[in-house]
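Protein chains in written order, with our numbering: chain A, 60 to 190; chain B, 60 to 190.
Cβ atoms here follow ideal geometry from the backbone N, Cα and C, with glycine treated the same way.
2 protein chains.
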Amino acid sequence: METTGRHLLCEYHGCDAQILGDPARLEALLQQAAAAAGATVVHSVTHRFAALGVSGVLLLEESHLSIHTWPERGYAAVDFYTCGACQPQRAHQVMLDGLRAERAEVLVVDRGGPEGIRVRPGAQNPNPILK
Amino acid sequence: METTGRHLLCEYHGCDAQILGDPARLEALLQQAAAAAGATVVHSVTHRFAALGVSGVLLLEESHLSIHTWPERGYAAVDFYTCGACQPQRAHQVMLDGLRAERAEVLVVDRGGPEGIRVRPGAQNPNPILK
Numbered sequence: 060m061e062t063t064g065r066h067l068l069c070e071y072h073g074c075d076a077q078i079l080g081d082p083a084r085l086e087a088l089l090q091q092a093a094a095a096a097g098a099t100v101v102h103s104v105t106h107r108f109a110a111l112g113v114s115g116v117l118l119l120e121e122s123h124l125s126i127h128t129w130p131e132r133g134y135a136a137v138d139f140y141t142c143g144a145c146q147p148q149r150a151h152q153v154m155l156d157g158l159r160a161e162r163a164e165v166l167v168v169d170r171g172g173p174e175g176i177r178v179r180p181g182a183q184n185p186n187p188i189l190k
Numbered sequence: 060m061e062t063t064g065r066h067l068l069c070e071y072h073g074c075d076a077q078i079l080g081d082p083a084r085l086e087a088l089l090q091q092a093a094a095a096a097g098a099t100v101v102h103s104v105t106h107r108f109a110a111l112g113v114s115g116v117l118l119l120e121e122s123h124l125s126i127h128t129w130p131e132r133g134y135a136a137v138d139f140y141t142c143g144a145c146q147p148q149r150a151h152q153v154m155l156d157g158l159r160a161e162r163a164e165v166l167v168v169d170r171g172g173p174e175g176i177r178v179r180p181g182a183q184n185p186n187p188i189l190k
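Now the structure itself:
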């Protein structure tokens, strides 16, 4: 199996607080994002914290997709780590729309390749993507 | 709740193939790593793939800890993403020892802070840490 993977570290700001606090809605969104990226889900876990936020992870055939939310701040931190032929940028677009984010930052990291872990040129911080 | 977090993206090479293929052992190691970092586990999921590798995620009060392994390549990709007062570098040391890695690379990324997502200076790629 090929070890090469692409990891998108995404930060979403100005999101809909109600969506960020709803585990079922977030899980549905993660599933939709995984499907858009062409990934296959093998496990799904979500957890709602007493202090408002939600965490969720989809284990994928191709690695994982995770979210941590802070509804009171309108903020979510999301990771799309996929190996093989997936297109994680499509998952990013689904999350951007689904969370109704006003602003996003994305750091793209190549992992498991012959040159080791690498931040993509042009994806150095900050890398705001305005919707 | 504070959104600021520290994310260690770790790559371990030259690991013990038997350990990398053993879901129970990997889960125990993740739990040990989380404890060393001072994190609290709320959910644990592991999955063994037909094609040898194992994936596992611990959802933490403080975000997550994930692993993806390629036993046939002696390679594991691990993420420690923690908010608050955790010490993820301690989790890294537990994994480095527990996987019997010959070599590791670590990228340290600050997330959720006022300046946005940031790769730590001095932690730019490649950043090999020889055991």
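Restricted to the region 121-157 of chain B, the alpha helix (DSSP H) segments that are unbroken, complete and at least 4 residues in length are 147-157, listed in chain order. Nearest Cα to Q146/A within the set S122/A, S114/A, L85/A, H106/A: S122/A. At the C-beta level, P130/B and G157/B stay beyond 8 Å of one another.
Residue contact check for H106/B against chain A: a CB pair falls below 8 Å. With 16 or more neighbouring CB atoms inside 10 Å of its own CB, M154/B falls in the buried class. The DSSP-derived three-state label of R159/A is coil. Of the candidates V104/B, R159/B, Y71/B, the residue whose Cα lies closest to the Cα of L119/B is V104/B. Counted as a single uninterrupted DSSP element, the stretch harbouring L67/B is not any alpha helix (DSSP H) but the beta strand (DSSP E) occupying residues 64-72. V167/B and V178/A have their alpha carbons spaced roughly 11 Å apart. E61/B carries a coil assignment under DSSP once its states are collapsed to helix, strand and coil. In the same chain as Q152/A, and ignoring 5 residues on each side of it, the C-beta atoms closer than 8 Å to its own belong to A95, in chain order. Distance from the CA of V101/B to the CA of L117/A, rounded to the nearest whole angstrom, comes to 15 Å.
Residues of chain A whose Cβ lies closer than 7 Å to the Cβ of T141/B do not exist, since the nearest Cβ in that chain is about 10 Å away. According to DSSP, residue pairing for G115/B in a beta bridge involves T105/B, I126/B. Collapsing the DSSP output to three states places E174/B in coil. Just so you know, the alpha carbons of D169/A and I126/B end up roughly 16 Å apart.
In the DSSP assignment, P82/B falls within the alpha helix (DSSP H) that extends over 82-96. Within 10 angstroms of the beta-carbon of E164/A lie 16 or more other beta-carbons, which makes it buried. Contact check for E70/B against G171/A passes: the beta carbons are separated by less than 8 Å.
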